[in-house]
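So the sequence shown is numbered by the numbering used here: it starts at 3 and just counts up by one.
Think of the CB as a built atom: it goes at the ideal place given N, C-alpha and C, for glycine as much as any other residue.
Here's the structure, in structure tokens; my notes come after.
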Amino acid sequence: MSTPQAELLLDARNGVGESPVWDSVRQSLWWVDIPGRALWCWHSASGQARHWPTPEQTGCIALAAGSDALPHGQWIAAMETGIARLTPQADGTVDCAWITRIEQPEPGMRFNDGRCDRQGRLLAGTMVMDMSLARASGTLYALDGAELRALQGGFITPNGMAFSPDGKTMYLSDSHPNVQTVWAYDHDTDTGTPHNRRVLIDFKPLPGRPDGAAVDADGCYWICGNDAGLVHRFTPDGTLDRSLAVPVKKPAMCAFGGAGLDILFVTSIRPGGDLTDQPLAGGVFALRPGVRGLDEPRCVA
Numbered sequence: 003m004s005t006p007q008a009e010l011l012l013d014a015r016n017g018v019g020e021s022p023v024w025d026s027v028r029q030s031l032w033w034v035d036i037p038g039r040a041l042w043c044w045h046s047a048s049g050q051a052r053h054w055p056t057p058e059q060t061g062c063i064a065l066a067a068g069s070d071a072l073p074h075g076q077w078i079a080a081m082e083t084g085i086a087r088l089t090p091q092a093d094g095t096v097d098c099a100w101i102t103r104i105e106q107p108e109p110g111m112r113f114n115d116g117r118c119d120r121q122g123r124l125l126a127g128t129m130v131m132d133m134s135l136a137r138a139s140g141t142l143y144a145l146d147g148a149e150l151r152a153l154q155g156g157f158i159t160p161n162g163m164a165f166s167p168d169g170k171t172m173y174l175s176d177s178h179p180n181v182q183t184v185w186a187y188d189h190d191t192d193t194g195t196p197h198n199r200r201v202l203i204d205f206k207p208l209p210g211r212p213d214g215a216a217v218d219a220d221g222c223y224w225i226c227g228n229d230a231g232l233v234h235r236f237t238p239d240g241t242l243d244r245s246l247a248v249p250v251k252k253p254a255m256c257a258f259g260g261a262g263l264d265i266l267f268v269t270s271i272r273p274g275g276d277l278t279d280q281p282l283a284g285g286v287f288a289l290r291p292g293v294r295g296l297d298e299p300r301c302v303a
């Protein structure tokens, strides 16, 4: 099998490009720039991109159920002080309606990575934004309608959220350099509660830190190797199957999309300092890995 080459989709220069979501109705890719406080969209038909401002830094987004008739959909966004419903407008503004607010345990926190389970519940974790503090103040939450439930605490940088094709296994990582572990959980699809946590991947001996992730139709787990310029594919038992390169050091999160769900989109981070060796940092890339993904569930909040 030949190694797929990463193609530049958009030189977005995002500070932290995160949470790519494929919108199958509009055939477009959506994602956020966290420090840029922006919701981005790239349309496959035109190849054009645009972005809208968000009221706070947004860690993750999910397409809202019942919003297909709206021109730009409606997005459930987990931000700094809570979770809101964002409706992008044609004039470049965003209508923001808060679903629930959160009282963070300490200042300087926000939501980070998250995804919907197969039943449409958004699960997302919080973190202290200053990772150098290495404070395990993060909590994993589930959004059930307008109710936010705390599921598990003790995370520094919760990341890598994904679900198996049948929804019965949940994957979650802590990408902080002190942890670098991916866990698998049994996921109760009736209650939306994960349990029976076990280590799936110890990332410390592998290239890169575990960042954002996706699951393909074969049930394999794709996760960005931040700092290594790689996207890794693991089989359901945690065996490393392959690693694909992107032309930046810090790929952040991946998602399947395209008309055939056979394109792996990868967002990335643009750090400060000298970027002569990675001028496309902060861009969005596309790979054709030879496997298909799954449609993202709509959020039922």
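Item, Value
"Ile36 and Gly61 closer than 8 angstroms at C-beta", "yes"
"Whole beta strand (DSSP E) elements within the region 187-250, 3-residue minimum", "195-204, 211-217, 223-228, 232-236 and 242-247"
"Coil, strand or helix - Ser166 by DSSP", "coil"
"Beta strand (DSSP E) runs contained entirely in the region 87-145, provided each spans 3 or more residues", "96-103, 111-118 and 124-130"
"Same chain, Cβ closer than 7 angstroms to Glu9, five either side skipped, listed in chain order", "Phe287 and Ala288"
"Segments assigned alpha helix (DSSP H), at least 4 residues, entirely inside the region 16-44", "none"
"Nearest-angstrom beta carbon gap, Leu65 and Asp25 [assumed within contact, 8 angstroms]", "6 angstroms"
"Contact under 8 angstroms by Cβ, Ala136 with Ile158", "yes"
"CB contact flag (Val248, Ser270, <8 angstroms)", "yes"
"Environment of Arg200 [buried if 16+ CB atoms lie within 10 Å]", "exposed"
"7 angstroms Cβ shell around Met3 - same chain, five flanking residues per side excluded", "For Met3, the pLDDT reaches just 49, beneath the cut-off of 50, and the residue's location in the model is therefore unreliable, although a value from the coordinates is still provided. Cβ within range, chain order: Gly292."
"Spatial distance of Ala86 from Arg300 (CA atoms)", "15 angstroms"
"CA nearest to the CA of Met163, picked from Arg151, Ala144 and Asn180", "Ala144"
"Rounded distance between the beta-carbons of Arg235 and Asp243, thought under 8 angstroms", "5 angstroms"
"Between the CA atoms of Gln91 and Asp97 - distance to the nearest angstrom", "7 angstroms"
"Buried/exposed call for Lys252, threshold 16 Cβ in 10 Å", "buried"
"N-terminal and C-terminal residue of the beta strand (DSSP E) that Ala257 is part of", "Pro253 to Gly259"
"Under the three-state DSSP convention, the category Asn161 falls into", "strand"
"Among Thr141, Leu124 and Ile203, the one whose alpha carbon lies nearest that of Met111", "Thr141"
"Leu296 (DSSP reduced to helix, strand or coil)", "coil"
"Reduced DSSP secondary structure (H/G/I, E/B, other) of Ser270", "strand"
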